[in-house]
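What follows is a set of notes on a single structure, which appears directly below.
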Amino acid sequence: MQKFVIFLVSIVFICYAAVAAPIFKSEPISDEIKAIITGKSYKANTPFDYSELRYLTLSYIDFEGKSRVGNMIVSAKVSEDVLDIFRELYEAKYPIEKIELVDYYNADDNLSMDNNNTSSFNFRFTPNTTVLSKHSTGMAIDIN
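All residue numbers for the sequence shown refer to the working numbering, where the first residue is 83 and numbers rise by one.
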């Protein structure tokens, strides 16, 4: 009986350890991320430096109720607020299909939206204008 109890305690510990704590992290844009976004969401005519952006790692609940981790880039000015908002969404179990950099869709907003992707930074103009979109500075987020 004692061996069985030890076995059960071991199984519970292993299962508990396998459940990762949610992640909500902001960091400067690394050289690795620069290589991914340069020429896509960060275009040649982007009028500010990478240092004005932050790379976020975010936990979220997907449409199947599973905890997932995704990434997005936002303005450094709002990065901590965005982390707080996504932490609240996670705690409320608000479903988000996916969170991926728009660069994985070749910085094509329509492709990203068609895939129900949640993203932010993408240097671009508002369609049919010369006005910069709020996404151009990482100050807007499309969710689902």
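Note that the Cβ used here is the ideal one computed from N, Cα and C, for glycine as well.
Next item on the list: Return the residue from the list M195, D196, N210, G220 that minimises the CA-CA distance to N204.
Entry: Position 122 of the sequence shown, counting from 1, holds the residue named residue 204. Nearest option by C-alpha distance: G220.
Check: Count the other CB atoms within 10 Å of the CB of L140; is the residue buried (16 or more) or exposed (fewer)?
Finding: Taking the sequence shown and counting its residues from 1, the one referred to as residue 140 is at position 58. By the neighbour-count criterion, in which 16 or more other beta carbons inside 10 Å mark a residue as buried, L140 falls on the buried side.
Notebook entry, point to check: When the Cα of K180 is compared with those of G121, R136, S149, T212, which residue comes out closest?
Noted result: Working through the sequence shown from its first residue, we reach residue 180 at position 98. Closest option to K180, Cα to Cα, is S149.
Checklist line | D213, buried or exposed, once every other Cβ within 10 Å from all chains shown has been counted against 16 | finding: Working through the sequence shown from its first residue, we reach residue 213 at position 131. The amino acid at residue 213 is misidentified as Asp; the sequence shows Val. Exposed is the call here.
Check: Which whole-angstrom value is the C-beta distance of S123 and D185, which I expect to be below 8 Å?
Finding: As a working note, residue 123 is residue 41 in the sequence shown. As a working note, residue 185 is residue 103 in the sequence shown. Correct: roughly 5 Å between the Cβ atoms.
Margin query: Between which two residues does the beta strand (DSSP E) holding L140 run?
Written below: The sequence position of residue 140 within the sequence shown is 58, counting from 1. Under the DSSP assignment, L140 falls in the beta strand (DSSP E) whose first and last residues are 135 to 143.
Next item on the list: Below 6 Å CB to CB, which residues in the same chain sit around T208 once its five sequence neighbours on both sides are set aside?
Entry: Taking the sequence shown and counting its residues from 1, the one referred to as residue 208 is at position 126. Excluding its 5 nearest sequence neighbours in each direction, T208 has C-beta neighbours in its own chain below 6 Å: S215, listed in chain order.
Notebook entry, point to check: How big is the Cα-Cα spacing for A222 and I111?
Noted result: Counting from 1 along the sequence shown, the entry for residue 222 is found at position 140. Counting from 1 along the sequence shown, the entry for residue 111 is found at position 29. About 18 Å.
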